[in-house]
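Quick mapping for you: the protein sequence lines, in order, are chains A and B. Quick note, the first sequence lines up with residues -8 to 103 if you use the numbering used here. Quick note, the second sequence lines up with residues 346 to 457 if you use the numbering used here. Just so it is clear, CB atoms sit at the ideal spot from N, CA and C, and this is done for glycine as well. These numbers were taken from a predicted model, which means no experiment stands behind them. Below: one structure, written as structure tokens.
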Amino acid sequence: DAGITQSPRHKVTETGTPVTLRCHQTENHRYMYWYRQDPGHGLRLIHYSYGVKDTDKGEVSDGYSVSRSKTEDFLLTLESATSSQTSVYFCAISVVGGNEQYFGPGTRLTVT
Amino acid sequence: SQQGEEDPQALSIQEGENATMNCSYKTSINNLQWYRQNSGRGLVHLILIRSNEREKHSGRLRVTLDTSKKSSSLLITASRAADTASYFCATDGSSNTGKLIFGQGTTLQVKP
Chain A
-8 DAGITQSPRH KVTETGTPVT LRCHQTENHR YMYWYRQDPG HGLRLIHYSY GVKDTDKGEV
52 SDGYSVSRSK TEDFLLTLES ATSSQTSVYF CAISVVGGNE QYFGPGTRLT VT
Chain B
346 SQQGEEDPQA LSIQEGENAT MNCSYKTSIN NLQWYRQNSG RGLVHLILIR SNEREKHSGR
406 LRVTLDTSKK SSSLLITASR AADTASYFCA TDGSSNTGKL IFGQGTTLQV KP
């Protein structure tokens, strides 16, 4: 998976609790992305980063925040998890924005 | 809304046959990419075709791009059981933001 790890790989949490997912890369790529994948919706962009402390919203950013204080780490936070945020979350990295992306193994999050 | 729409949504063929998947998109692009996803795994980049290219090959993969029709096709020749996966197209939307927009994917089953 191209030097990308995600943690945790699986998580079950209760509605209303905060959750933070971590994406770590060893490739020193500038661009990092968070997606969610749901049946019938394909892959949808939540937030992305084009450098340390530089982030922007994607298609489905409501209810999510991100932080990137180091090149290698991109954190996705659900401030107060809801059942609609049950999904599989993928992190991806890219050398050049808009070019090929390399994906992590995914995190399966269940909000009960 | 999804930029790319794949067709068909599902495809089942016998080993040795060719598989063709189509992708349509809505806005102008700099490039179009195809990815493969095996069950429970992250996406893997297959091929990128730029807007000024009409056809590109990689091993058993052949991708065509028709910018006048805003469509692309992915042909997998002499398919194998190991090609069983979901296939996604993604476009950059020529926005130069570094974002990709993914379609909902075609699920390919290759029967041995």
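Is residue i helix, strand or coil by DSSP?
| i | result |
| --- | --- |
| Ala427 (chain B) | helix |
| Ser346 (chain B) | Reliability of the predicted coordinates at Ser346 (chain B) is poor, the pLDDT of 40 falling under 50, and the value obtained from them is presented with this limitation in mind. DSSP places Ser346 (chain B) in coil when its eight states are reduced to three. |
| Ser75 (chain A) | helix |
| Ile374 (chain B) | coil |
| Arg382 (chain B) | Just to set this straight, residue 382 (chain B) is Gln in the shown sequence, not Arg. Here Gln382 (chain B) sits in strand by DSSP. |
| Thr8 (chain A) | coil |
| His20 (chain A) | coil |
| Thr68 (chain A) | strand |
| Glu63 (chain A) | coil |
| Glu91 (chain A) | coil |
| Ser52 (chain A) | coil |
| Gln28 (chain A) | strand |
Could you spell out the range, first to last residue, of the beta strand (DSSP E) harbouring residue i?
| i | result |
| --- | --- |
| Tyr41 (chain A) | 33 to 42 |
| Val408 (chain B) | 406 to 411 |
| Thr98 (chain A) | 98 to 102 |
| Gln359 (chain B) | 355 to 359 |
| Arg0 (chain A) | From DSSP, Arg0 (chain A) is part of no beta strand (DSSP E); its letter is neither H nor E. |
| Asn367 (chain B) | 364 to 369 |
| Thr442 (chain B) | Careful: Thr442 (chain B) lies outside any beta strand (DSSP E) and carries neither H nor E. |
| Ser417 (chain B) | 416 to 421 |
| Val86 (chain A) | Segment: none, Val86 (chain A) is in no beta strand (DSSP E) and carries neither H nor E. |
Sort out for me which residues DSSP pairs residue i with in a bridge.
| i | result |
| --- | --- |
| Glu400 (chain B) | B:Thr409 |
| Asp47 (chain A) | A:Tyr39 |
| Gln454 (chain B) | B:Ser357 |
| Leu388 (chain B) | B:Gln382 |
Any heavy atom of the ligand FAD within a distance shorter than 8 Å of the CB on residue i?
| i | result |
| --- | --- |
| Leu419 (chain B) | Ligands are entirely absent from the displayed structure, and the ligand FAD is therefore not among its contents. |
My guess is that residue i and residue j are in contact by the Cβ rule of under 8 Å, so how many angstroms apart are they, rounded?
| i | j | result |
| --- | --- | --- |
| Glu350 (chain B) | Ser373 (chain B) | Wrong, their Cβ atoms sit about 16 Å apart, outside the cutoff. |
Would you check if the region 410 to 427 of chain B and the region 355 to 374 of chain B touch, i.e. whether three or more CB-CB distances between them fall below 8 Å?
Yes, since at least three Cβ pairs between the region 355 to 374 of chain B and the region 410 to 427 of chain B fall closer than 8 Å, the two stretches touch.
If contact is defined by three or more beta carbon pairs under 8 Å, each pair taking one atom from either stretch, is the region 362 to 376 of chain B in contact with the region 28 to 37 of chain A?
no
Would you call the region 82 to 94 of chain A in contact with the region 385 to 398 of chain B, where contact means no fewer than 3 C-beta pairs closer than 8 Å?
In short, these stretches touch, since the Cβ pair count reaches three.
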